[in-house]
Amino acid sequence: MPKEITPFEKLVYAACQKIPRGRISTYAEIARYIKNSKSARAVGNALNRNPYAPKVLCHRVVRSDGTVGGFVHGEKKKIEILKKENVAIKNGRVVDFDKVFCVIQ
DNA sequence: GTGTTGACCACAG
DNA sequence: GCTGTGGCCAACA
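Right, dumping it as structure tokens:
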């Protein structure tokens, strides 16, 4: 049976799906898209619970520093996925972060 | 209602 | 480059 999620999480997942392929975004950007605030923690919290991990594009969300942050399947797996999306990763960090970074519209 | 925790961010040292 | 501290917001005990 479907798990009940809060409207906040719903917005977070929608923002993840709004990211085009081959691009990534940050927790802060998603938080800004939702509430125009710096509550990146709330976004990370929603994705941490992530009841629909493979359904949402949470792997396209990284930290402001360009680090992959965390992932349910592991950072290593997240890097593998991003590399398949034509996103260069090096030493656990996004190489062309500015090039692949995309603002939520 | 209060306190803790969390896939965070920014700044200071 | 790293660590520590303060701050922000949401969910949970």
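In our numbering, each number is its position in the first sequence, counted from 1, plus 1085. Ideal placement from N, C-alpha and C gives every residue a C-beta, glycine not left out.
Between the CA atoms of residue j and residue i - distance to the nearest angstrom
i	j	result
Lys1161	Leu1167	10 Å
Val1157	Arg1134	9 Å
Lys1123	Asn1176	27 Å
Ala1066	Glu1089	A question about residue 1066 goes unanswered here, because the residues of the chain that appear run from 1086 up to 1190.
Asp1150	Asn1121	19 Å
Leu1142	Ala1173	17 Å
Bridge partner(s) assigned by DSSP for residue i
i	result
Val1188	Answer is none; Val1188 lacks a bridge partner.
Val1146	Ser1110
Bounding residues of the alpha helix (DSSP H) (the contiguous stretch that carries residue i)
i	result
Cys1101	Pro1092 to Lys1103
Ile1119	Tyr1112 to Lys1120
Glu1165	Glu1160 to Lys1169
Proximity below 9 Å, CB of residue i to CB of residue j
i	j	result
Glu1170	Gly1129	no
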